[in-house]
Amino acid sequence: MSVVNVTMAELNEKLSKCIAGERVLIDHDGNRFSARIQHVGLTGLKVIPETQIKNSTGDPGDIEGVTVPYGDVWELEVKGVVYSRQGDDAE
850 MSVVNVTMAE LNEKLSKCIA GERVLIDHDG NRFSARIQHV GLTGLKVIPE TQIKNSTGDP
910 GDIEGVTVPY GDVWELEVKG VVYSRQGDDA E
């Protein structure tokens, strides 16, 4: 797996083209967790934390996602490439 450092603007551009199921690393209110994209919106993403997926015993689609702004996303993994946001660049 390769890691590519990107700016926040580049990461946001890649996120806007994502489909459901892609893995992201979220930093939301000081809590970091990995999640899977459920839906991509104009101002943010609806994600399902991977811990909820692993502990789910219900039918597919029974887990309600959490909406987070694009600024909370620190990494995006697509086809074996991790796009990692550099520092705290404000764009």
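First residue of the sequence shown: 850, per the working numbering; consecutive thereafter. Yeah, the Cβ is synthetic: ideal placement off N, Cα and C, and Gly gets one too.
Check: Using DSSP with H/G/I as helix, E/B as strand and the rest coil, what is Asp921?
Finding: Here Asp921 sits in helix by DSSP.
Checklist line | Integer-rounded CB distance, given that Val927 should sit under 8 Å from Ser851 | finding: With a Cβ gap of about 11 Å, Ser851 and Val927 do not count as contacting.
Notebook entry, point to check: Excluding the five sequence neighbours on either side, which residues of its own chain have a C-beta within less than 8 Å of the C-beta of Tyr859, listed in chain order?
Noted result: Before going on, a small fix: residue 859 reads as Glu here, not Tyr. Correct list, in chain order: Tyr932.
Check: Grouping DSSP H, G and I as helix and E and B as strand, with all else coil, what is Lys863?
Finding: helix
Next item on the list: May I have the straight-line CA-CA distance separating Arg934 from Met857, to the nearest angstrom?
Entry: Linking Arg934 to Met857 through their CA atoms gives a straight-line distance of about 6 Å.
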